[in-house]
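*Asks:*
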Amino acid sequence: MKVGVIRARIGEIELSDLLRALEANRANAVVTVRCEDVIGRVHLRDGQLLYASTDPGPHLGEYLVRLEYLTLEQTQELVLRQERENPGTPLGQLALRMGLLEPGDLREALNAQVMEALATLLAQRTGDILAEAISENASQVVLPEMLDTSAVLFEAARRLDEWRRGKVRPEAVLRVVSDPTRHALSTEAWSVLELVDGLKRARSIALESDLPETQVYHLLYELQSRGLLGEAEIRPTDPLILVVAESSLVRRLLLVTLERSRYRVVMPHDPDSARRMLEHHKPQAVILQVRDLAERVRQLRASPDGRFVPVWAVAEEPPRGFWVRSARVGHIPKPFSEEDLLDALSGIKRKV
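Here my numbering runs 509 ahead of the position in the sequence shown, where the first position is 1.
1. Which partner residues does Ala853 have in the DSSP bridge list?
2. Touching or not, the segment 580-589 and the segment 836-855, by the rule of three or more beta carbon pairs under 8 angstroms?
3. Whether or not the segment 740-757 and the segment 798-813 are in contact is what I'm after, with contact meaning three or more pairs of Cβ atoms, one per stretch, closer than 8 angstroms; do they touch?
4. Assuming Leu553 contacts Leu531 under a Cβ cut-off of 8 angstroms, what Cβ separation, rounded to an integer in Å, is found between them?
5. State the Cα-Cα distance for the pair Ala640 and Ile515, rounded to the nearest angstrom.
6. Just how far apart, CA to CA, sit Ile841 and Ser757?
7. Does the count of Cβ pairs from the segment 734-753 and the segment 673-690 closer than 8 angstroms reach three?
8. To which residues of the same chain is Pro828 closer than 7 angstroms at the C-beta, ignoring the five residues directly before and after it?
9. Please return the same chain residues whose Cβ sits closer than 7 angstroms to the Cβ of Tyr572, not counting the five positions on each side in sequence.
10. Helix, strand or coil for Pro898, going by three-state DSSP, please let me know.
11. Check for me: the alpha helix (DSSP H) holding Glu697 runs from which residue to which?
12. Looking at C-alpha atoms only, which residue of Ala632, Val765 and Leu589 is the closest neighbour of Ala824?
13. If I follow the unbroken beta strand (DSSP E) through His568, where does it start and stop?
14. Between the C-alpha atoms of Arg673 and Arg593, what's the straight-line distance to the nearest angstrom?
15. Secondary structure at Val542, three-state DSSP: helix, strand or coil?
16. With a 10 Å radius around its C-beta and 16 neighbouring C-beta atoms as the bar for buried, classify Lys791 as buried or exposed.
17. The beta strand (DSSP E) that contains Ala517, what's its start and end?
18. For Ser549, name the three-state secondary structure that DSSP assigns.
19. In chain order, what residues of the same chain have a beta carbon less than 6 angstroms from the beta carbon of Gly707, not counting five sequence neighbours either side?
20. From Arg634 to Glu523, what distance separates their C-alpha atoms?
21. Could you tell me whether the Cβ atoms of Ala794 and Ile857 are closer together than 8 angstroms?
22. What are the boundary residues of the alpha helix (DSSP H) that includes Glu740?
23. Grouping DSSP H, G and I as helix and E and B as strand, with all else coil, what is Tyr578?
24. From the DSSP output, in three-state form, read off Glu641 for me.
25. Keeping to the same chain, check which residues put their C-beta closer than 6 angstroms to that of Ala836; ignore five residues upstream and five downstream.
26. Name the DSSP beta bridge partners of Thr723, please?
27. Alpha carbon to alpha carbon, how far is Val574 from Pro596? Give it in angstroms, no decimals.
28. According to the Cβ coordinates, are Leu528 and Ile638 closer than 8 angstroms?
29. Going by beta-carbon coordinates alone, are Leu737 and Ser687 separated by less than 8 angstroms?
30. Using 8 angstroms as the threshold, is the C-beta distance between Leu630 and Gly549 below it?
31. Helix, strand or coil: how does DSSP classify Arg535 here?
32. How close, in whole Å, do the beta carbons of Ala626 and Thr563 come, if the pair is a contact with beta carbons under 8 angstroms?
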């Protein structure tokens, strides 16, 4: 069934109610949710859930890396091939076609992303909702099997309710303070506990895990509440990196890779916020993945806070020209590996 255009504010209509109504009417639709800090999209075919995503938020390619189904390099190479040879072909379908993934692996990664995206959108209290009809022939990211909308909404709401019971701060540094073997813990709790070392911030632990970020903060809260974890007495100061990337996937892969190695990451959404972050946060390095590299570097070096900060460009080819040397711009190859990133940043000193 086709639907007309539906516009509403969150509160006038609840996202979950709208999705269930579209499900009941077997609608082909895309629902866009615009809030102050996040934009989300939910795709439905015959009322069944095809796909959901948020920006900012995890990318499918990120989950494929976090679940260890693909490497950093494989994921980026897939995107390059997608752009050059297969425009419009969903990333997951391309990976299946090339034999890099099994259907069950793709389904697990997509399920994880869809569930996290829906939980994020259901948590929003203000914003605008727009539902529009889509063509039955429109290209979509397709799950091996479409998801039951009501069942997914129920599970996302259950998780959201659980997460709201308590979370640690992303910057919290925790250590194990009692014997966990004396407690009955879930598999997920054990997987998170194994990553706690008294040095990593909660965000680094969350992005090293294959669980949704908010779920990890909740599990850490539960472990702390039960007396298994306590605040670390000494908190190392992790270096701060400012990342500006036009590709949402590259942005998320940089975030995950850097956070796993105990670098703090800030990601501005426009040039103005980049200038503000540069001024207020005083990052120890800047990583750029942009088309107008020379202009961005010129703006950066013109700022008092950006005059001397180390800068690296993520690009397939090293930037060329006299300005590159005078502006002191380093190069990180694209596709990049974890080793490429960490080698580039190896000169940055950590403070305790």
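Glycine included, C-beta positions come from ideal geometry on N, C-alpha and C.
*Replies:* Concretely, from the data shown:
1. For the purposes of this step, residue 853 is taken as residue 344 along the sequence shown, with counting starting at 1. Its beta-bridge partners do not exist; DSSP assigns none.
2. yes
3. yes
4. Start at 1 with the first residue of the sequence shown, and residue 553 comes out as number 44. Start at 1 with the first residue of the sequence shown, and residue 531 comes out as number 22. Indeed, because the Cβ distance is near 5 angstroms, the residues count as touching under 8 angstroms.
5. Reading the sequence shown from its first residue, position 131 is the one you call residue 640. Reading the sequence shown from its first residue, position 6 is the one you call residue 515. Answer to the nearest angstrom: the Cα atoms are 5 angstroms apart.
6. As a first step, residue 841 must be located in the sequence shown, where it is residue number 332. As a first step, residue 757 must be located in the sequence shown, where it is residue number 248. Cα to Cα, Ile841 sits roughly 17 angstroms from Ser757.
7. yes
8. Taking the first residue of the sequence shown as position 1, residue 828 is located at position 319. Leu802, Ala822, Val838 and His840, listed in sequence order.
9. Stepping through the sequence shown from its first residue, residue 572 is reached at position 63. The answer, listed in chain order, is Ala618, Ala621 and Gln622.
10. As displayed, the chain neither begins before 510 nor continues past 861, which places residue 898 out of reach and without an answer.
11. Here residue 697 is taken as the residue at index 188 of the sequence shown, counted from 1. Looking at the DSSP string, the run of the alpha helix (DSSP H) that includes Glu697 is Thr696 to Leu702.
12. For the purposes of this step, residue 824 is identified with residue 315 of the sequence shown, where counting begins at 1. It is Leu589 whose Cα lies nearest to the Cα of Ala824.
13. As a first step, residue 568 is located in the sequence shown; it is residue number 59 there, counting from the start. Taken as a continuous stretch (DSSP letters only), His568 belongs to no beta strand (DSSP E), as it is neither H nor E.
14. The sequence position of residue 673 within the sequence shown is 164, counting from 1. The sequence position of residue 593 within the sequence shown is 84, counting from 1. If I take the Cα positions, the gap works out to 43 angstroms.
15. Against the sequence shown, residue 542 aligns to sequence position 33. Three-state DSSP puts Val542 in a strand.
16. Position 282 of the sequence shown, counting from 1, holds the residue named residue 791. The residue in question, Lys791, is exposed, as its Cβ has fewer than 16 Cβ neighbours within 10 Å.
17. Stepping through the sequence shown from its first residue, residue 517 is reached at position 8. Segment Ile515 to Arg518, the beta strand (DSSP E) holding Ala517.
18. The residue given as residue 549 occupies position 40 in the sequence shown. Just to set this straight, residue 549 is Gly in the shown sequence, not Ser. It is a strand residue.
19. Residue 707 sits at position 198 when you count from the first residue of the sequence shown. So the list reads Arg684 and Ala741, once near-sequence residues are dropped.
20. Here residue 634 is taken as the residue at index 125 of the sequence shown, counted from 1. Here residue 523 is taken as the residue at index 14 of the sequence shown, counted from 1. Their Cα atoms are separated by approximately 9 angstroms.
21. As a position in the sequence shown, residue 794 is number 285, starting the count at 1. As a position in the sequence shown, residue 857 is number 348, starting the count at 1. Yes. Within cutoff.
22. If you number the sequence shown from 1, residue 740 lands on position 231. That residue, Glu740, is in no alpha helix (DSSP H); its beta strand (DSSP E) goes Leu738 to Glu740.
23. Taking the first residue of the sequence shown as 1, we reach residue 578 at position 69. In the structure shown, Tyr578 sits in coil (DSSP, three-state: anything other than H, G, I, E or B).
24. Counting from 1 along the sequence shown, the entry for residue 641 is found at position 132. In the structure shown, Glu641 sits in a strand (DSSP, three-state: E or B).
25. Along the sequence shown, one-based indexing puts residue 836 at 327. Excluding sequence neighbours, Ala836 sits near Val806 and Arg810.
26. Within the sequence shown, residue 723 is the residue found at index 214, counting from 1. Per DSSP, none; premise fails for Thr723.
27. By one-based count along the sequence shown, residue 596 stands at place 87. By one-based count along the sequence shown, residue 574 stands at place 65. Cα to Cα, Pro596 sits roughly 22 angstroms from Val574.
28. Taking the first residue of the sequence shown as position 1, residue 528 is located at position 19. Taking the first residue of the sequence shown as position 1, residue 638 is located at position 129. The answer is no: Cβ separation not under 8 angstroms.
29. Taking the first residue of the sequence shown as position 1, residue 737 is located at position 228. Taking the first residue of the sequence shown as position 1, residue 687 is located at position 178. Yes. Within cutoff.
30. To locate residue 630, count along the sequence shown from 1; it is residue 121. To locate residue 549, count along the sequence shown from 1; it is residue 40. Their beta carbons are under 8 angstroms apart, which means Leu630 touches Gly549 by this criterion.
31. Taking the sequence shown and counting its residues from 1, one reaches residue 535 at position 26. Three-state DSSP puts Arg535 in coil, outside helix and strand.
32. Along the sequence shown, read from residue 1 onward, the residue named residue 626 stands at position 117. Along the sequence shown, read from residue 1 onward, the residue named residue 563 stands at position 54. Right, their Cβ atoms sit about 5 angstroms apart.
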